[in-house]
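Report on the structure given below.
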Amino acid sequence: MSVVIYIYNDADIIQDELGGIHELLSEKFVKYELICVNDDSTDESLKQIRDFAAKVNDCPVSLINMGYYHGMEAAMKAGVDLSIGDFVFEFDRIPVDFDLSLMTDIFEKALSGYDIVNARPRNMRGRKSMLFYRIFNLFSISGQKLGTEYFRLLSRRTINRVDAIGQTVFYRKAVYSSCGLKMANIFYENRMLPSRKSNSKQRKNRRNMAMDSLVLFTDLAYKISFVFCILMALFMLGTGAYTVAVYFGQKRPVEGVGAPDGYDFRRVFRRIRHSDYHYQVSGADPFPCV
0 MSVVIYIYND ADIIQDELGG IHELLSEKFV KYELICVNDD STDESLKQIR
50 DFAAKVNDCP VSLINMGYYH GMEAAMKAGV DLSIGDFVFE FDRIPVDFDL
100 SLMTDIFEKA LSGYDIVNAR PRNMRGRKSM LFYRIFNLFS ISGQKLGTEY
150 FRLLSRRTIN RVDAIGQTVF YRKAVYSSCG LKMANIFYEN RMLPSRKSNS
200 KQRKNRRNMA MDSLVLFTDL AYKISFVFCI LMALFMLGTG AYTVAVYFGQ
250 KRPVEGVGAP DGYDFRRVFR RIRHSDYHYQ VSGADPFPCV
């Protein structure tokens, strides 16, 4: 059993959260490993992980320290690639908002014949994420309904299948749902944790991932382009119909460009230059009435 945990500026809770996960794993599994992926944290997260690893003697604790901020998807991909267990737990964040005994329920669900088991909270308050998943599910190519989740279990067969797909832009949820293996969702009553303010790097990474995911895993871009093509075709048909109606109609627009109403050209003072002769019209009436 492998457990991959994403960490970014979580120094104040690392010891407690990792300790709880390690305690449950030691009760349920004989062989297991912890893999912590530090995504270039700016606080003392790296030190806290090393301190925890120094205290644990009954299981290996691996640390992946990213050289710069990669974002959750790329960082978790690195952690999963390092794992060696037949099953892999993915923690997209700590702190966790569920009772850790849920890990046992998810593992038992996987043993009943599922390669992917997602844990989804029932109570969500992120409006942006809800809007994203609503749009994604509406135009999804695979037909699988995605939702907010921070914790899942994967079989080794799932990891091998995803590696064979070889996605350049790796949005794990969409790739897992479209890999063709059996997937299940377990809903739980989550605790409402204090909201954590994201920085500019996190917001930019999420926007880019959301746009890439909508383009790669949905037909939203195709439908938008199709609508624009229809609108342009209607515009061209309307323009052609108007041209035919004007050409064969009795009333035609006046050719040329007319002056605005009330504009008097006779009050214009014009300086005309031609070769070496200079003519200056000042106060004269250059446009006598006929």
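Under numbering that gives the first Met the number 0, the first residue of the sequence shown is numbered 0, with each subsequent residue one higher. All C-beta atoms in this analysis are idealised placements derived from N, C-alpha and C, irrespective of residue type, glycine included.
- Taking C-beta separations shorter than 6 Å and ignoring five residues to either side along the sequence, the partners of Leu62 in its chain run Cys35 and Ile48, following chain order.
- CA-to-CA, the gap between Phe150 and Tyr241 works out to about 60 Å.
- A residue is called buried once 16 or more other Cβ atoms fall within 10 Å of its Cβ, and Met71 is buried on that count.
- In this structure Lys172 is buried. Its beta-carbon is surrounded by 16 or more other beta-carbon atoms within 10 angstroms.
- Counting along the chain, the unbroken beta strand (DSSP E) around Arg151 starts and ends at Phe150 to Ser154.
- By the Cβ test, the region 123-137 is not in contact with the region 72-84, since fewer than three Cβ pairs between them sit closer than 8 Å.
- Less than 8 Å separates the beta-carbon of Met208 from that of Tyr170.
- In the displayed model, Phe169 falls within coil according to three-state DSSP, outside both helix and strand.
- By a beta-carbon distance limit of 8 Å, Ile4 does not contact Leu23. Their separation comes to about 13 Å.
- Between Glu89 and Met102, the C-beta spacing is not below 8 Å.
- Under the three-state reduction of DSSP, Thr242 is assigned to helix.
- Spanning the alpha carbons of Asp91 and Thr147 requires a straight line of approximately 11 Å.
- Closest in C-alpha terms to Asp96, from the list Ile229, Asp50 and Pro193, comes Pro193.
- Contact annotation, Thr41 with Asn64: C-beta distance approximately 13 Å; criterion of less than 8 Å not satisfied.
- In the three-state scheme derived from DSSP, where H, G and I count as helix and E and B as strand, Ile185 is classed as strand.
- In the displayed model, Arg133 falls within a helix according to three-state DSSP.
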